[in-house]
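Here is the structure we will look at, set down as structure tokens.
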Amino acid sequence: MTGAAMEARGLTMTYGRRRGAHTALDGCSFRLPAGRVCALVGPNGAGKST
């Protein structure tokens, strides 16, 4: 298989507002090639589904 099954570019995620804001992602990009498996792991409450 060729090409990307999933691709994201320039993702940004900020929690909170104004002075209490925390940037979790800033310009994050990734590419998952077709036919590959990827897992996102972390402890409960870490924000994996957000």
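All residue numbers for the sequence shown refer to the working numbering, where the first residue is 67 and numbers rise by one.
Don't be surprised by glycine CBs; every beta carbon is placed ideally from N, CA and C.
Quantities reported herein were computed from a predicted structural model and do not represent experimental measurements.
Whole-angstrom distance between Arg84 and Ala112, CA atom to CA atom: 22 Å
Start and end residues, beta strand (DSSP E) containing Cys104: Neither: Cys104 is in no beta strand (DSSP E) and is coded neither H nor E.
Assuming the contact rule is C-beta atoms closer than 8 Å, Ser95 and Gly76 should be a hit. Round their C-beta distance to whole Å, please. 6 Å
Quick check: the Cα distance between Arg102 and Ala74, rounded to an integer number of angstroms? 16 Å
Taking the alpha-carbon of Ala71 as reference, which of Leu106, Ala100 and Asn110 has the nearest alpha-carbon? Ala100
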